[in-house]
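Contents: one structure, followed by commentary.
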Amino acid sequence: MRSEPGPGTGQDAQSVPLLDVRNLCVRFPGPREGRHRSWVHAVEDVSFAVDRGQTLGLVGESGSGKSTIGNALTRLVPPTSGTVHLDGQDVLAARGAPARELRRRIAMVFQDPYASLDPRRTAGATVREPMDVHRMLSGRAERNRRVAELLDLVGLVRETAARYPHELSGGQRQRVSIARALAADPDLVVLDEATASLDVSVQAQIMNLLRELQGELGLTYLFVSHDLAAVEHMSHHVVVMYLGRLMETGTTDHLYTRPAHPYTQALMSAVPDPDPATERNRERILLGGDPPSPLDPPSGCVFRTRCPLAVDECAGPVPQTTVSANHFAWCIRTGESLSPERLRRFVH
Amino acid sequence: MNAPGFAVRDLTVVLGRGKRAARVVRGVSWSVEAGATLGVVGESGSGKSMTVLASAGLLPPPAAVTGSALLGGRDLLKLSRRELEGIRGRRLGFVFQDPMTSLNPLLTVERQITEGIEEHLGATRRAARDSARVLLETVGIPDPDRRLDAYPHQLSGGMRQRVMIAIALSCGPDVLIADEPTTALDVTTQAQILDLVRERQERTGMAVVWISHDLAVVGGLADDVVVMYGGQVVEQAPVETLHSAPAHPYTRGLLGARPVLGRRRDQLTAIPGTPPDPRALPSGCVFFDRCPVKGDPRCETQVPDLVEVGRRHFARTFCPEDQ
Ligand SMILES: Nc1ncnc2c1ncn2[C@@H]1O[C@H](COP(=O)(O)OP(=O)(O)OP(=O)(O)O)[C@@H](O)[C@H]1O
Ligand SMILES: Nc1ncnc2c1ncn2[C@@H]1O[C@H](COP(=O)(O)OP(=O)(O)O)[C@@H](O)[C@H]1O
Ligand code: SF4
Ligand code: SF4
Ligand SMILES: [Mg+2]
Ligand SMILES: [Mg+2]
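Chains as they are written, first to last, in the numbering used here: chain B, 1 to 348; chain S, 349 to 671.
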């Protein structure tokens with residue numbers, strides 16, 4: 001169990017990170033087997049922290065627990081154990097008015113702007129809603145003025161306020177979702193695959209917008225994505241997850257230039273290189289099969305059923321190992337990276 | 349290797365009539381030889397799916413389709429429904445973006461694979477089950493015996509997509525058409541599927557048409573790439589040429605928009621704006637609204653032709669050199 005400040009914290013150990021997640025576990029009830037109830041181990045003992053104004057990228061395959069973490073922070077799902085602090089305040093224990101205030105300070109943007117926008121509501125009403133809920137500003141006229149400002153901020157013309165979701169393109173809908181997320185003046189925005197359903201050209205528009213907004217408003221982001229290149233582009237720190245567990249965390253530069261965990265190495269090697277000549281000639285680590293069921297995760301290192309470096313000891317406890325300052329990996333063979341000779345044995 | 353390859357010639361698709369008619373595919377031509385792979389890229393709505401669906405006779409009547417789709421010297425658009433059904437599944441394998449809508453939720457994996465094998469190849473039930481098992485193995489599904497009896501909802505997204513591919517490959521097609529088969533999948537699964545198709549193609553010499561909205565995905569697979577925008581082919585070239593010397597401003601935009609692993613930039617070069625509405629297409633170049641070049645007086649008034657700008661390299665722009 002780790003209880004030091006999680007990776008992701010800046011150099012200054014004294015400062016309080018904006019978001020501090022410690023030993024978070026989320027389990028969902030699974031199917032009943034006879035008299036025993038099984039559990040989906042969606043998130044197991046996850047700790048990380050994010051400094052104000054920074055972006056933490058959360059990356060991993062489908063089912064690795066990324067969205068569940070975002071949902072736990074925004075209290076859309078109840079965590080089984082662990083703590084979440086925003087600016088030093090306990091998010092999970094808060095009740096009543098302080099809880100509402102904390103909810104205001106954490107906003108969320110989802111993957112599919114079509115599904116997450118109410119089809120019967122105009123863009124203006126959608127953006128205004130959080131202000132109505134939190135009773136911000138005095139009166140509707142002022143809120144509508146703020147709606148216009150927010151639409152401006154995300155690069156939409158003010159007339160968009162009168163439009164319904166089906167009258168907007170995917171990129172425009174995602175801009176509306178972002179404007180809505182900013183309406184309650186949050187500190188932290190959880191972006192759950194916020195660009196995944198968009199075309200490459202529109203993804204670029206939205207990523208550029210998000211970075212501009214961060215610079216202007218000092219926002220802190222949790223950027224959840226399975227797109228490694230997008231995460232590299234957006235994040236200061238990165239957390240790599242597999243089957244609900246931390247695999248590796250570090251500053252983006254460190255982690256992307258020297259990935260230490262076999263899983264991170266395999267993930268990166270699966271990303272196609274846009275240069276066809278490079279792509280054809282490079283050696284790749286191909287992971288076989290699929291991740292195991294979260295109902296019955298392997299003992300020890302959960303990656304061991306697919307890991308090219310797995311040995312018997314991997315079924316035992318896996319300690320956190322330090323790769324370099326602010327760069328950690330959970331692997332007993334950290335550092336023995338998949339060298340070219342080793343790699344060759346696993347390329348297909 | 350004497351598989352015939354596949355070609356579409358001057359294909360046009362119009363949805364609806366009169367003022368509201370949407371011209372979603374406008375005179376598209378391309379071809380792919382046996383053993384080769386054609387990548388088709390472009391953003392959503394550019395007409396990629398409509399082109400291949402129309403070419404296989406999969407669009408229902410309100411869609412008006414003209415042009416031809418040639419497979420082994422026969423024009424699929426001139427065949428009866430019956431004849432077409434004999435070709436689809438047998439000589440033409442299809443993989444769609446969303447496997448959930450194209451797999452039958454009520455049939456086991458085995459039934460969905462063996463149906464075609466029994467019907468097209470006249471195999472016995474027993475023999476068909478054996479080939480189905482082998483197919484599941486080749487597409488990398490662990491424990492194939494157990495999976496044969498599974499229903500689609502019991503499989504992960506990646507596994508469903510691999511089942512789709514197994515079905516598409518089951519009768520040893522001459523042509524495999526894959527419409528964004530990996531867009532919804534993890535990179536690890538995508539890598540498995542790309543490898544699988546490459547391997548299979550090497551063995552059987554089938555022609556492959558691979559659709560994606562991401563140029564990087566087709567990079568390692570395709571020989572030639574067609575870039576679509578607003579229902580037209582705006583550029584076509586061998587994949588290396590397209591990467592090193594893109595001639596159309598839209599293609600250059602696509603290449604600049606994608607973040608590349610290990611090559612961080614402060615800003616991605618986004619293409620501003622949105623694609624044109626196929627019901628209200630501009631009178632000039634279809635990319636005019638969003639084009640950063642607009643370097644010719646004709647851009648706004650005249651539709652550029654697809655002209656040869658290099659060896660096997662074609663672009664539909666008045667300004668192919670303006671970088
Ligand atoms: N409400 C729920 N009930 C039961 N299991 C759940 C629930 N929500 C999530 N899970 C399970 O928890 C695990 C983690 O899911 P989560 O949605 O967090 O993954 P993810 O990393 O966001 O994946 P994706 O990339 O597909 O969005 C998965 O095994 C999932 O099936
Ligand atoms: N069922 C449909 N009814 C009406 N228009 C459609 C339908 N399906 C697609 N379209 C339109 O046809 C055009 C081309 O679509 P499509 O071929 O699916 O694009 P792509 O596959 O390149 O994303 C788009 O403008 C789209 O809105
Ligand atoms: S602990 Fe063992 S199985 Fe896990 S990643 Fe390291 S080497 Fe692989
Ligand atoms: S023809 Fe003109 S508007 Fe069209 S892509 Fe070329 S330069 Fe741009
Ligand atoms: Mg998710
Ligand atoms: Mg499509």
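Virtual Cβ for every residue (Gly too), placed ideally from N, Cα, C.
- For SER169(B), the Cβ stays outside the 7 Å cut-off from all heavy atoms of ligand 6.
- Contacts with chain S (Cβ-Cβ distance below 7 Å) from the segment 226–243 of chain B involve HIS226, LEU228, ALA229, ALA230, GLU232, HIS233, listed in chain order.
- CA-to-CA, the gap between GLY289(B) and ARG473(S) works out to about 28 Å.
- Within the segment 157–172 of chain B, the residues whose Cβ lies closer than 7 Å to some Cβ of chain S are SER169, GLY171, listed in chain order.
- In chain order, ALA270, ARG284, LEU286 make up the part of chain B whose C-beta sits under 7 Å from the C-beta of ALA539(S).
- Look at SER504(S): its C-beta is under 8 Å from a C-beta on chain B.
- In the same chain as SER269(B), and ignoring 5 residues on each side of it, the C-beta atoms closer than 6 Å to its own belong to ARG284, ILE285, in chain order.
- Not one heavy atom of ligand 4 lies closer than 7 Å to the C-beta of LYS367(S).
- The C-beta of GLY601(S) comes closer than 8 Å to at least one C-beta of chain B.
- With a 10 Å radius around the Cβ and a threshold of 16 neighbouring Cβ atoms, THR649(S) comes out exposed.
- Taking C-alpha positions only, GLU391(S) is separated from ASP644(S) by approximately 25 Å.
- Taken through DSSP and simplified to helix, strand or coil, GLN549(S) comes out as helix.
- Of all residues in the segment 507–521 of chain S, those with a C-beta nearer than 7 Å to a C-beta of chain B are MET507, reading in chain order.
- Beta-bridge partners of ARG22(B) (DSSP): THR83(B).
- Using beta-carbon distances, SER177(B) does not count as an interface residue toward chain S, since no partner is under 8 Å.
- Counted as a single uninterrupted DSSP element, the alpha helix (DSSP H) harbouring MET268(B) occupies residues 262–270.
- Assigned with DSSP and collapsed to three states, VAL189(B) falls in strand.
- Apart from the 5 residues on each side of it in sequence, ARG306(B) sits with its Cβ closer than 7 Å to the Cβ of LEU287, GLY288, GLY289 in its chain, given in chain order.
- For ARG135(B), the secondary structure class from DSSP, reduced to helix, strand or coil, is coil.
- Within the segment 45–79 of chain B, contact with chain S at the beta-carbon level (separation under 7 Å) is assigned to GLU61, SER62.
- Looking at the DSSP output, GLU283(B) bridges to nothing.
- Neighbours of LEU182(B) across chain S, judged by C-beta separation under 9 Å, do not exist; the nearest C-beta is about 20 Å away.
- In the structure shown, ARG371(S) falls within a strand segment according to DSSP collapsed to helix, strand and coil.
- Listed in chain order, the alpha helix (DSSP H) elements of length 4 or more contained wholly in the segment 438–514 of chain S are 447–450, 457–469, 473–486, 492–496.
- Contact between HIS561(S) and THR537(S) is ruled out by a C-beta separation of about 17 Å, above the 8 Å threshold.
- With contact defined as three or more Cβ pairs closer than 8 Å, the segment 215–227 of chain B and the segment 189–197 of chain B are in contact.
- Beta-bridge partners of GLU583(S) (DSSP): VAL575(S), ALA663(S).
- The residues ASP192, GLU193, ALA194, ALA196, SER197, in chain order, have a CB closer than 8 Å to that of GLN111(B) in the same chain once the five nearest residues on each side in sequence are set aside.
- Judged by DSSP in its simplified three-state form, SER379(S) adopts strand.
- Boundaries of the alpha helix (DSSP H) around ALA97(B): 96–105.
- Under the Cβ distance rule, ASP112(B) does not count among the residues neighbouring chain S, no pair being separated by less than 8 Å.
- Distances from the CB of ILE332(B) to the heavy atoms of ligand 3 include at least one below 7 Å.
- Judged by their CB atoms, VAL457(S) and ARG495(S) are nearer to each other than the 8 Å cut-off.
- Counting C-beta pairs with one atom in each stretch, the segment 317–329 of chain B and the segment 259–275 of chain B have three or more that are closer than 8 Å, which means they touch.
- Assignment of MET554(S) by DSSP, reduced to helix, strand and coil, places it in the coil class.
- The Cβ-Cβ distance between ILE106(B) and PRO186(B) falls below 8 Å.
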